[in-house]
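Heads up, the thing below is written out as structure tokens.
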Amino acid sequence: MMPNPVDSAVYKDPAAAGDSLLKKDKETETPEVPSPGSPEPKESGAQEQAGERQEGEADADQSKKATEQILQDPKDKGEGDLRQQEKVVAHSDEPPAKDSSGVISVMLYLSALVAVLAIIYIQPGFQSNLPPVPSKGRADIFNEEIGRVKLNFPSQRAALWRRSGIHLTRHLEAKRPTEPVSMILTSGRGAEKTLRCLAVHIAKALSAALNTSVLEIDGTSKASLDSDQVKLDIDEKLNTAFGMKKGPAVIHRLEEFPPGSTLIFYRYCDHENAAFKEASLIFTVLLEEVEHLEPQMSLSDVEEMVQDHVKGKFLSSTEPAAFDKMDVDKLGGLWSRISHLVLPVAAEKDIELEGCRS
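For the sequence shown, full-length UniProt numbering assigns the number 1 to the initial residue and increments by one for each residue that follows.
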């Protein structure tokens, strides 16, 4: 007797107990009964039972997998749910969003304030650590000023700038000068305005280095005055200027002063006993007998020409004069004190035509 297919489907495997009702209904359906008269297919029935058994086993495997998924570790599932809940709670605790532009403005303001305070706090210490900037010396200032003067006097000899620069710079560089500095500028009558102008500009370069003013005394305005009175006037002006450090002094047209009055320059130009050792004096002498000094003349020839011209102006005779009057010996002593450097000046056409420019 063949087993009932319905019974075999119901009891074939306990693991299939969790299948759906639809699956059970399908398995409990009554198999199709062959029509009368046809031979019973014994072998085909066995094959059908074997196929149904395989299908049942496949369904059982699927049901087992589904059950394993359902019975998955509850701990993992619980942790996942817990994390999800924490995210929800965290989002619920967040404060409402503020205006981002306002926050940025506040942050920028605070940053700027901190930067300013840091600069104020750090700057004094930072500056104290910087090496001190060396200040310009008097000689440096003088050389800069002379460089500008040269631009306005392009016709002068190179020797004039070189010799005068060395002579005056050496005096400026001395911390404690041992004697005053003096020089003589000279020219023919064709460069009279240039002579006066150049002497003043060199004196201004010195005054810039010394941070003083310039004193000018003109011999042509004193020529007809009493020698003693002129002497007192010169003494007063030089003493005040050098005493208050208002030099240098420009003595225009030395040859025009009353001869005896020039003896006062002993006091201010002496090598060892000068009243003011930091004093500087620039003398000018105009050689009226010549129009121009030739460029090829040597400096020694120029000096000799100036000395002869001054001697002819100051000495009326070869006889000794009174103690307060000029004579050969006194003139020799004066000349040795003021003639450390004698330099010729050439005419500048624009100055001779238009006058001196400040």
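Note that the Cβ used here is the ideal one computed from N, Cα and C, for glycine as well.
The structure presented is a predicted model; accordingly, all values stated were derived computationally and were not measured.
Length of the line joining the Cα atoms of residue i and residue j
{"i": "Glu-303", "j": "Ser-336", "result": "12 angstroms"}
{"i": "Leu-341", "j": "Leu-238", "result": "21 angstroms"}
{"i": "Arg-357", "j": "Asp-226", "result": "33 angstroms"}
{"i": "Asn-143", "j": "Met-107", "result": "55 angstroms"}
{"i": "Ala-112", "j": "Ser-101", "result": "17 angstroms"}
{"i": "His-292", "j": "Ala-346", "result": "7 angstroms"}
{"i": "Lys-349", "j": "Cys-197", "result": "13 angstroms"}
{"i": "Ile-264", "j": "Lys-136", "result": "35 angstroms"}
{"i": "Val-103", "j": "Leu-110", "result": "11 angstroms"}
{"i": "Pro-180", "j": "Lys-222", "result": "24 angstroms"}
{"i": "Ile-251", "j": "Ser-213", "result": "15 angstroms"}
{"i": "Ile-146", "j": "Ala-205", "result": "6 angstroms"}
{"i": "Glu-173", "j": "Asn-152", "result": "26 angstroms"}
{"i": "Asp-329", "j": "Arg-163", "result": "28 angstroms"}
{"i": "Met-297", "j": "Met-305", "result": "11 angstroms"}
{"i": "Gln-229", "j": "Leu-331", "result": "19 angstroms"}
{"i": "Val-290", "j": "Asp-233", "result": "31 angstroms"}
{"i": "Asp-235", "j": "Arg-267", "result": "9 angstroms"}
{"i": "Ala-274", "j": "Met-183", "result": "16 angstroms"}
{"i": "Glu-278", "j": "Leu-210", "result": "10 angstroms"}
{"i": "Leu-117", "j": "Phe-276", "result": "54 angstroms"}
{"i": "Ile-282", "j": "Glu-354", "result": "24 angstroms"}
{"i": "His-271", "j": "Lys-311", "result": "22 angstroms"}
{"i": "Ser-105", "j": "Val-114", "result": "14 angstroms"}
{"i": "Lys-313", "j": "Asp-301", "result": "19 angstroms"}
{"i": "Lys-150", "j": "Ser-187", "result": "17 angstroms"}
One or two residues paired with residue i in a DSSP bridge
{"i": "Val-106", "result": "The partner list for Val-106 (beta bridge, DSSP) is empty, contrary to what the question assumes."}
{"i": "Leu-299", "result": "For Leu-299, which the question treats as bridged, DSSP gives no partner whatsoever."}
{"i": "residue 395", "result": "This structure leaves residue 395 out entirely; the chain is present only between 1 and 358."}
{"i": "Ile-184", "result": "Phe-283, Val-342"}
C-beta contact flag for residue i and residue j at 8 angstroms
{"i": "Thr-178", "j": "Ala-139", "result": "no"}
{"i": "Glu-256", "j": "Thr-284", "result": "no"}
{"i": "Glu-288", "j": "Arg-189", "result": "yes"}
{"i": "Pro-259", "j": "Met-326", "result": "yes"}
{"i": "Leu-185", "j": "Leu-343", "result": "yes"}
{"i": "His-171", "j": "Ser-280", "result": "yes"}
{"i": "Leu-215", "j": "Lys-246", "result": "yes"}
{"i": "Asp-308", "j": "Arg-253", "result": "no"}
{"i": "Leu-286", "j": "Glu-352", "result": "no"}
{"i": "Pro-295", "j": "Arg-176", "result": "no"}
{"i": "Ile-166", "j": "Cys-269", "result": "no"}
{"i": "Ile-119", "j": "Ala-208", "result": "no"}
{"i": "Leu-315", "j": "Ala-159", "result": "no"}
Start-to-end residues for the beta strand (DSSP E) that takes in residue i
{"i": "Leu-343", "result": "342-344"}
N-terminal and C-terminal residue of the alpha helix (DSSP H) that residue i is part of
{"i": "Gly-355", "result": "Counting along the chain, Gly-355 falls outside any alpha helix (DSSP H), and DSSP gives it neither H nor E."}
{"i": "Arg-162", "result": "158-173"}
{"i": "Val-149", "result": "138-152"}
{"i": "Leu-206", "result": "192-210"}
{"i": "Arg-189", "result": "Run containing Arg-189: none; DSSP gives neither H nor E here."}
{"i": "Glu-236", "result": "227-243"}
{"i": "Phe-265", "result": "265-269"}
Cβ-heavy atom distance, residue i to the ligand PLP, below 7 angstroms
{"i": "Val-342", "result": "Judged by which ligands are present, the structure shown has none, so any question about the ligand PLP falls away."}
The stretch 229-244 touching the stretch 194-205, judged by at least three CB pairs closer than 8 angstroms: no
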